[in-house]
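Novice:
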Amino acid sequence: MTLLPTIKQLLSMEAVGQSVTVRGWVRTKRETKQAVFLEVNDGSCLSNIQCVLDSFLRQNQSTNESILRLSTGASVEIIGELVPSPAKGQRVEVKCQQLKLIGEAPPERYPLQKKAHSLEFLREIAHLRVRTNTFAAVARVRNRMAFAIHQFFQERGFYYIHTPIITTSDAEGAGAMFQVTSLDLEALSKSGTPIDYEKDFFGKKAFLTVSGQLNVETYCQALSRVYTFGPTFRAENSNTTRHLAEFWMIEPEMAFAHLDDNIALATEFIQYLVAIALQDCAEDIAFFDQRIQPGLRESLERIVKTSFTRMSYTEAIRELEDSNAVFEFKPYWGCDLQSEHEKFLTEKVAGGPVVVTDYPKEIKAFYMKQNEDGKTVAAMDVLVPRFGEIIGGSEREWRLDLLEKRMEELGLAKEPYQWYLDLRRYGSTPHSGFGLGFERLLLYITGMTNIRDVIPFPRAPRQADF
RNA sequence: UCCCCUGUAGCUCAGCUGGCAGAGCAAGUGGCUGUUAACCACUGGGUCCGGUGUUCGAACCACCGCGGGGGAGCCA
Numbered sequence: 003m004t005l006l007p008t009i010k011q012l013l014s015m016e017a018v019g020q021s022v023t024v025r026g027w028v029r030t031k032r033e034t035k036q037a038v039f040l041e042v043n044d045g046s047c048l049s050n051i052q053c054v055l056d057s058f059l060r061q062n063q064s065t066n067e068s069i070l071r072l073s074t075g076a077s078v079e080i081i082g083e084l085v086p087s088p089a090k091g092q093r094v095e096v097k098c099q100q101l102k103l104i105g106e107a108p109p110e111r112y113p114l115q116k117k118a119h120s121l122e123f124l125r126e127i128a129h130l131r132v133r134t135n136t137f138a139a140v141a142r143v144r145n146r147m148a149f150a151i152h153q154f155f156q157e158r159g160f161y162y163i164h165t166p167i168i169t170t171s172d173a174e175g176a177g178a179m180f181q182v183t184s185l186d187l188e189a190l191s192k193s194g195t196p197i198d199y200e201k202d203f204f205g206k207k208a209f210l211t212v213s214g215q216l217n218v219e220t221y222c223q224a225l226s227r228v229y230t231f232g233p234t235f236r237a238e239n240s241n242t243t244r245h246l247a248e249f250w251m252i253e254p255e256m257a258f259a260h261l262d263d264n265i266a267l268a269t270e271f272i273q274y275l276v277a278i279a280l281q282d283c284a285e286d287i288a289f290f291d292q293r294i295q296p297g298l299r300e301s302l303e304r305i306v307k308t309s310f311t312r313m314s315y316t317e318a319i320r321e322l323e324d325s326n327a328v329f330e331f332k333p334y335w336g337c338d339l340q341s342e343h344e345k346f347l348t349e350k351v352a353g354g355p356v357v358v359t360d361y362p363k364e365i366k367a368f369y370m371k372q373n374e375d376g377k378t379v380a381a382m383d384v385l386v387p388r389f390g391e392i393i394g395g396s397e398r399e400w401r402l403d404l405l406e407k408r409m410e411e412l413g414l415a416k417e418p419y420q421w422y423l424d425l426r427r428y429g430s431t432p433h434s435g436f437g438l439g440f441e442r443l444l445l446y447i448t449g450m451t452n453i454r455d456v457i458p459f460p461r462a463p464r465q466a467d468f
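In this text, residue positions in the first sequence follow our numbering: the first is 3, and each later residue adds one.
(1) Counting only runs that start and end within the segment 239-306, where is the alpha helix (DSSP H) found for 4 or more residues in a row?
(2) Per DSSP, S21 forms a beta bridge with which residues?
(3) Take E406 as the anchor and find which of D455, Y369 and N373 has the nearest alpha-carbon.
(4) Closest to S49 by CA distance: which of F123, Y161, E303 and A284 is it?
(5) Can you confirm whether the segment 199-212 touches the segment 130-150 when touching is taken to mean that 3 or more C-beta pairs between the two stretches lie within less than 8 Å?
(6) F137 by DSSP, collapsed to three states: which one?
(7) Tell me the rounded alpha-carbon separation between I365 and G376.
(8) Among N264, S213 and G353, which has the Cα closest to the Cα of S396?
(9) Is it the case that the segment 269-287 contacts the segment 306-324, given that we only count it when at least three CB pairs across the two stretches are under 8 Å?
(10) Am I right that T243 and I453 are in contact with their C-beta atoms under 8 Å? What's the rounded C-beta distance?
(11) Taking just the CA atoms, how far does S325 sit from T30?
(12) Could you compute how far the alpha carbon of A277 sits from the alpha carbon of A259?
(13) Is F310 helix, strand or coil when you go by DSSP?
(14) Mind checking which residues open and close the alpha helix (DSSP H) that includes L478?
(15) DSSP on D56, reduced to helix/strand/coil?
(16) Evaluate the contact criterion for the segment 335-352 versus the segment 380-399: three or more CB pairs, one atom per stretch, below 8 Å.
(17) So I51 and L13 are supposed to be a Cβ contact under 8 Å. How far apart are they, rounded?
(18) Taking 8 Å as the cut-off, does the segment 224-241 touch the segment 354-361 (at least 3 CB pairs, one atom from each stretch)?
(19) Closer than 8 Å by C-beta to S57: which residues in its own chain qualify, once you throw out the five before and the five after it? Chain order, please.
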């Protein structure tokens, strides 16, 4: 099969009257006595291509009937000549010779109109919302960023590892988990007999993964530089604009790497992705800048040029304590950084992304490397203006005795982690990594404000339609 | 899970102290113009989220339920 040029390609061509075929969906139709103007979009880019049907075509009765039924949302095939446009507004246009109405979209029933719709309304028609400028632009940026993530790591010698979606370890500590079972819950519930997980599919309790990190650490200890990029599930009852029950996470892990290497990688990673978005998604970013988040492009350009502010948790707390700002939650050493604190640090103190390091061990996960001071761990969070944490990572505790001691302190059963502890028993190395929430990155880059609008079909509490 | 806001035409909303259901956009029809958020005129369009109650009378007040949004917590 030979693929026809996309509208994106047609729009960049030199128009010399060559014959072209346009296939896509009608965005608007404007009629005059002399001509009908159709704007057709095929999703290849934000812009539509203008197709002009002159009165000559209307003498053909079947064409004329098609024109009558052409409305916003209808699919069409147009064969014509690509010519320079005599009017302002577009460089080239298609002078239509043949029009085929492929699929109608009756305007009295089709929910999308030739007007702006609210994001809330569009969320209710997730299967159709991608036909709007905003959601198509998000989809294109999402695609480019997914590809750029692989490019970034592949260029640096990282291997892409597929960690499992189903896990039987229920204590990773990263949040509530969805249970996976093949048991007949309805029958069990009616019978009143206690559940015997021996009879379940895996012979024990199983869950959807909340993180690929522990698994990818195993490959890190053989391939040195690795990363995961896959779906992640959290059953937390979170109802916010920055949480999903199903989201995509990127988790690189580097052997022989310390916290500073980790921070350098995270910083370079963000800057790389933003630079690519600015360069390869310029039209979509310009749209977001104009319609969604004024000033977006400028703030993204600044991210690429400016180095991230780095401060320890202790310094961050001091900044908060010394400020005159009034916080709902009074900051003190040992507290978790609240949303308002993160906002203050990024927007008021740094005026850009902030890397906060060396958190109290009590508020971080068991596997993080314990610092010499006995109080903190070698953790790092990257906070960004507008919504806070985008990356969470650390150097890992690679010393067996210290890791076991920490697990005991936290009352974690060691048995399920034997394979993880083996990594420290045999050829252990210092190593570091982090997790980046893909949708949060997309919020940051597109300027969208609700995470449910940067994933095609959002899953959240009481929301799993489509 | 908690707090606040909200639900009226296809969409976005107004609707005063409880007294005949409204606007803009969209749509349909006609007109006009190489149009481009097209323009002008006319027309159609309602389970006022659901239930119960108060009242002579409820879109409006009260209670219960459901949906949506924002914020907080948890986190990526």
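Think of the CB as a built atom: it goes at the ideal place given N, C-alpha and C, for glycine as much as any other residue. Quantities reported herein were computed from a predicted structural model and do not represent experimental measurements.
Specialist: The structure says:
(1) 261-282 and 284-289
(2) On the first sequence, residue 21 is found 19 positions in, with the first residue counted as 1. Answer is E83, bridged to S21.
(3) As a first step, residue 406 must be located in the first sequence, where it is residue number 404. When each option's Cα is compared against that of E406, the closest is Y369.
(4) The residue given as residue 49 occupies position 47 in the first sequence. It is A284 whose Cα lies nearest to the Cα of S49.
(5) no
(6) Here the question's residue 137 lines up with position 135 in the first sequence. Correct three-state label for F137: helix.
(7) Locating residue 365 in the first sequence gives position 363, counting from the first residue. Locating residue 376 in the first sequence gives position 374, counting from the first residue. Rounded to whole angstroms, I365 to G376 spans 14 Å at the Cα level.
(8) On the first sequence, residue 396 is found 394 positions in, with the first residue counted as 1. Among N264, S213 and G353, the Cα nearest to that of S396 belongs to N264.
(9) yes
(10) Taking the first residue of the first sequence as position 1, residue 243 is located at position 241. Taking the first residue of the first sequence as position 1, residue 453 is located at position 451. Yes, T243 and I453 are in contact; Cβ-Cβ is about 6 Å, under 8 Å.
(11) The residue given as residue 30 occupies position 28 in the first sequence. The residue given as residue 325 occupies position 323 in the first sequence. Computed Cα separation, rounded: 53 Å.
(12) Walking along the first sequence from the start, residue 277 turns up at place 275. Walking along the first sequence from the start, residue 259 turns up at place 257. Taking the straight line from one Cα to the other gives about 25 Å.
(13) Counted from its first residue, the first sequence places residue 310 at position 308. F310: coil per DSSP, three-state reduction.
(14) Past the boundaries of the shown model lies residue 478; the chain is included only from 3 to 468, so the question cannot be answered.
(15) Translated into positions along the first sequence, residue 56 becomes position 54. Correct three-state label for D56: strand.
(16) yes
(17) Counting from one through the first sequence, the residue named residue 51 turns up at place 49. Counting from one through the first sequence, the residue named residue 13 turns up at place 11. That belief holds up - the Cβ atoms of I51 and L13 are roughly 6 Å apart, short of 8 Å.
(18) no
(19) Locating residue 57 in the first sequence gives position 55, where the first residue counts as 1. Answer for S57: K35, Q36 and A37, listed in chain order.
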